[in-house]
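Since the structure comes first, as structure tokens, the remarks are kept for the end.
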Amino acid sequence: MLLEFGHRVFAVDIDEKRVAMLSKGRSPIAEPGLEEILTRGVEHGYLSSALSLEEAPEDTLAVFICVGTPTTDSGDADLRYLMEAIRGAQEYLPHAVQIIKSTVPPGTNTVLRQKFPGVSFASNPEFLRQGTSVKDTLKPSRTVIGATDPRALEVLRGLYQPFVDAGRPVVEMNEPSAEIMKYAANSLLSTKIAFINEIADLCEAVGADVDDVAMAVGLDSRIGAAFLQAGPGFGGSCFPKDTKALVAASSALGVSSTIVNAVSESNERRRATLAERVVAAASGESAELTVAVLGLTFKAGTDDLRESPAVDVVAGLVALGCDVVAYDPFEQGKLAQVAPEARAAASPYEAARDADVVVVATEWPEFAELDMEKLASLMAGADLVDLRNIIDIEAATAADLSVTPIGKPRSDPA
Ligand code: UDX
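Residue numbers (our numbering): 32 to 445.
Here's what the structure looks like:
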């Protein structure tokens, strides 16, 4: 985004491989449109990268701190990497404004100001989604500037003036408000997903169709249709972590967070029972089942396996004694890291060969377009479990397959 706005960017990471890729203008992660921007940046001499801030240009105006804030055992955000990065920036770029992009517990910026006197801090939460990050960053729904320090305010206003010019909302507030709104937004989105997933269970119990229910509920503009897609539960590097961190931060401040706590628990329960769902659909003995799992990433359009419900499915099935074969468009030896007992396949059809059950665990568009006749002819059994509701049920049952979707009745061949 900064490169697109014409700024010079100096990128720092402690991972040598990442820095080597960035130096060549290559993207260390799979994100549509990102590599083109990075390549242009390197070619025009606007993007450089290094393993240390020591090499950063002295007149650097602002440092965006974008390090991970993973969850500790107690559910708190681990701020170790944040502190290290801030210390580095303070040492080598003492005059730069430090902009906290990382998601941090409410009150962190206040603590930072006390810990690092003389440094200008601002909170500037990030809302991009993986898979659409370039679009989300260049055309954000809103930009939040959490700053009371005059220098920080001035720098951020300058950086985000192009959004103001384009008529995009840029809102200003104090630092704790900016910190809380990020957790509040992610927790509310998580709540919608956990909520519709519980409604999906209810639909299954009475023969309703959750997609119809969600569509009709979402038509109320006060509710909205977004984030009401029932599925295997939310995953990824943000929602599971941020809901837990909100609960931990509230508890530390003596504030109750009953709703978000329930959302987090409901989601964990759902993800822990996915494998049983698959075995129940096949109504067989798990130790005798060969299961093909299609999809490993936490959602389509990314190569990220962090907190992936699809990985839960694979690991759960392995634990139940199933023989598991998995395919993902982005599988590059990653399966061996997350579930070494499972076998990797090079295509969905190769995965399905001799399988009793095929599970769609990630909503990759190619799975919605599978040739059902071909799939059925390769399988040993005839059960399809669709955890993402993307399979054409008519085509599947016409090919003599039974489909068990989420939140709607099982469909058997006529
Ligand atoms: C999320 C937020 O959307 C983004 O604003 C924030 O900056 C980072 O966290 P991301 O983790 O990339 O982004 O993915 P998102 O598309 O929000 O999906 C998160 C999880 O929820 C995925 O596991 C996805 O499959 C699931 N999901 C999403 C549903 O199960 N149903 C839905 O309707 C939407």
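Note that CB positions come from ideal geometry on N, CA and C, so glycine has one too.
Quiz prompt | Burial state of G412 (16 or more Cβ within 10 Å) | solution = In the sequence shown, residue 412 corresponds to position 381, counting from 1. Buried, because 16 or more other Cβ atoms sit within 10 Å of the Cβ of G412.
Quiz item: Any idea what DSSP makes of D107, helix, strand or coil?
Solution: Counting from one through the sequence shown, the residue named residue 107 turns up at place 76. Residue state, collapsed to three classes: coil.
Self-check item: 6 Å CB neighbourhood of G266 in its chain, flanking five on each side removed
Solution: On the sequence shown, position 235 is the one that residue 266 refers to. Closer than 6 Å at the Cβ level, and outside the excluded window around G266, lie F329, E338, S339 and P340.
Exercise. Would you mind working out which of E296, Y380, A427 and V344 sits nearest L418, comparing C-alpha positions?
Key: Locating residue 418 in the sequence shown gives position 387, counting from the first residue. Here the closest residue by C-alpha is V344.
Self-check item: From A257, N217, M246 and V310, residue whose alpha carbon lies closest to that of K272
Solution: For the purposes of this step, residue 272 is taken as the residue at position 241 of the sequence shown. Residue N217 is the option with its Cα nearest to K272.
Exercise. Could you give the DSSP three-state label for G177: helix, strand or coil?
Key: Within the sequence shown, residue 177 is the residue found at index 146, counting from 1. In the structure shown, G177 sits in a strand (DSSP, three-state: E or B).
Exercise. Give the straight-line distance between the Cα atoms of M52 and G332, rounded to the nearest whole angstrom.
Key: Counted from its first residue, the sequence shown places residue 52 at position 21. Counted from its first residue, the sequence shown places residue 332 at position 301. Computed Cα separation, rounded: 21 Å.
Self-check item: beta-carbon N155 near the ligand UDX non-hydrogen atom, thresh 7 Å
Solution: One-based indexing of the sequence shown puts residue 155 at position 124. No, the ligand UDX has no heavy atom inside 7 Å of this Cβ.
Exercise. Tell me, please, which residues DSSP counts as bridged to Y214.
Key: Walking along the sequence shown from the start, residue 214 turns up at place 183. In the DSSP output, where bridge partners are listed per residue, Y214 has none listed.
Quiz item: Just checking my contact of R301 with N228 at CB under 8 Å: how many whole Å lie between their CB atoms?
Solution: In the sequence shown, the residue the question calls residue 301 occupies position 270. In the sequence shown, the residue the question calls residue 228 occupies position 197. Sure, about 6 Å apart at Cβ, within 8 Å.
Quiz item: Measuring CB to CB, does D180 end up less than 8 Å from F152?
Solution: Here residue 180 refers to the residue found at position 149 when the sequence shown is read from its first residue. Here residue 152 refers to the residue found at position 121 when the sequence shown is read from its first residue. Taking 8 Å as the Cβ cut-off, D180 and F152 qualify as a contacting pair.
Practice problem: Using beta-carbon positions only, say whether L406 and V389 come within less than 8 Å of one another. | Solution: Taking the first residue of the sequence shown as 1, we reach residue 406 at position 375. Taking the first residue of the sequence shown as 1, we reach residue 389 at position 358. Cβ atoms of L406 and V389: closer than 8 Å.
Quiz item: At least one CB of chain C closer than 8 Å to the CB of D243: is that the case?
Solution: In the structure shown, chain C does not exist; there is a single protein chain.
Exercise. Please report how far the alpha carbon of S105 lies from the alpha carbon of A279, in whole angstroms.
Key: Working through the sequence shown from its first residue, we reach residue 105 at position 74. Working through the sequence shown from its first residue, we reach residue 279 at position 248. Between S105 and A279, the C-alpha separation is close to 7 Å.
Quiz item: Rounded to whole angstroms, how far is the Cβ of E203 from the Cβ of T141, which I believe are closer than 8 Å?
Solution: Within the sequence shown, residue 203 is the residue found at index 172, counting from 1. Within the sequence shown, residue 141 is the residue found at index 110, counting from 1. The Cβ separation is near 17 Å, so there is no contact.
Quiz prompt | Where I60 falls, given that 16 or more other Cβ within 10 Å makes a residue buried | solution = The sequence position of residue 60 within the sequence shown is 29, counting from 1. Under this definition I60 is an exposed residue.
Quiz item: Hey, is I421 close to the ligand FAD, as in C-beta under 7 Å from one of its heavy atoms?
Solution: Among the ligands modelled here, namely the ligand UDX, the ligand FAD does not occur.
Self-check item: For Y191 and V98, the rounded distance between their alpha carbons
Solution: Taking the first residue of the sequence shown as position 1, residue 98 is located at position 67. Taking the first residue of the sequence shown as position 1, residue 191 is located at position 160. Rounded to whole angstroms, V98 to Y191 spans 21 Å at the Cα level.
Quiz item: Leaving out the 5 sequence neighbours to the left and right, which residues in its chain are closer than 7 Å to L124 when beta-carbon positions are compared?
Solution: Working through the sequence shown from its first residue, we reach residue 124 at position 93. If we look at L124 and ignore the five residues flanking it on each side, its Cβ neighbours are L84, A87, T91 and V94.
Quiz item: Does the Cβ of G266 lie closer than 7 Å to at least one heavy atom of the ligand UDX?
Solution: The sequence position of residue 266 within the sequence shown is 235, counting from 1. Checking every heavy atom of the ligand UDX against the Cβ of G266, one is found closer than 7 Å.
Self-check item: Cutoff 7 Å; reference L401; Cβ partners in own chain excluding five residues on either side
Solution: Residue numbering aside, residue 401 sits at position 370 when the sequence shown is read from its first letter. Excluding positions up to five away in sequence, the list reads P379.
Quiz prompt | Residue ranges of each alpha helix (DSSP H) within the stretch 337-402, 4 or longer | solution = 340-350, 365-369, 379-383 and 396-399
Exercise. Use the C-beta contact count for K275: other C-beta atoms within 10 angstroms, 16 or more gives buried, fewer gives exposed.
Key: As a working mapping, residue 275 is identified with position 244 in the sequence shown. When all chains shown are included, K275 counts as buried.
Practice problem: Starting from I96, follow the beta strand (DSSP E) in both directions and report where the run begins and ends. | Solution: Here the question's residue 96 lines up with position 65 in the sequence shown. A93 to I96 is the span of the beta strand (DSSP E), which, as asked, contains I96.
Quiz item: Is E203 helix, strand or coil by DSSP?
Solution: Taking the first residue of the sequence shown as 1, we reach residue 203 at position 172. It is a strand residue.
Quiz item: Quick one: what's got a C-beta closer than 6 Å to I424's C-beta in the same chain, skipping five residues either side?
Solution: For the purposes of this step, residue 424 is taken as the residue at position 393 of the sequence shown. Closer than 6 Å at the Cβ level, and outside the excluded window around I424, lie V434 and S442.
Exercise. Specify the secondary structure class of S450 as computed by DSSP and reduced to three states.
Key: This structure leaves residue 450 out entirely; the chain is present only between 32 and 445.
Quiz prompt | Distance between A245 and L113 (C-alpha atoms, nearest Å) | solution = In the sequence shown, counting from the first residue as 1, residue 113 sits at position 82. In the sequence shown, counting from the first residue as 1, residue 245 sits at position 214. Cα-Cα distance, rounded: 39 Å.
Quiz item: For P440, which residues of its own chain have a beta-carbon under 6 Å away from its beta-carbon, when the five flanking residues on both sides are left out?
Solution: As a first step, residue 440 must be located in the sequence shown, where it is residue number 409. Only G238 meet the Cβ criterion.
Practice problem: Could you pull the start and end residues of the alpha helix (DSSP H) that A311 belongs to? | Solution: Counting from 1 along the sequence shown, the entry for residue 311 is found at position 280. That run of the alpha helix (DSSP H) goes L305 to A313.
Self-check item: Host beta strand (DSSP E) of L415 (start-end)
Solution: Sequence index remark: in the sequence shown, residue 415 carries index 384 (1-based). Its beta strand (DSSP E) spans residues D414 to D417.
Practice problem: Express the C-alpha separation of D109 and L325 in angstroms, rounding to a whole number. | Solution: Reading the sequence shown from its first residue, position 294 is the one you call residue 325. Reading the sequence shown from its first residue, position 78 is the one you call residue 109. Distance between the alpha carbons of L325 and D109 is about 33 Å.
Quiz item: F194 to L336, Cα distance in whole Å?
Solution: Translated into the one-based positions of the sequence shown, residue 194 becomes position 163. Translated into the one-based positions of the sequence shown, residue 336 becomes position 305. When rounded, the distance between both Cα atoms is 32 Å.
Quiz item: What residue from L233, A293, F226 and I211 has the CA that sits closest to A257's CA?
Solution: Translated into positions along the sequence shown, residue 257 becomes position 226. Shortest Cα-Cα distance from A257 to any of L233, A293, F226 and I211 involves F226.
Quiz item: Which stretch, first to last residue, makes up the alpha helix (DSSP H) that contains L69?
Solution: Sequence index remark: in the sequence shown, residue 69 carries index 38 (1-based). Unbroken alpha helix (DSSP H) run through L69: L65 to E74.
Exercise. Might you give, ordered along the chain, the residues of its own chain that have their beta carbon closer than 6 Å to the beta carbon of D44, omitting 5 neighbours on each side?
Key: Taking the sequence shown and counting its residues from 1, the one referred to as residue 44 is at position 13. Same-chain partners within the cutoff: V50.
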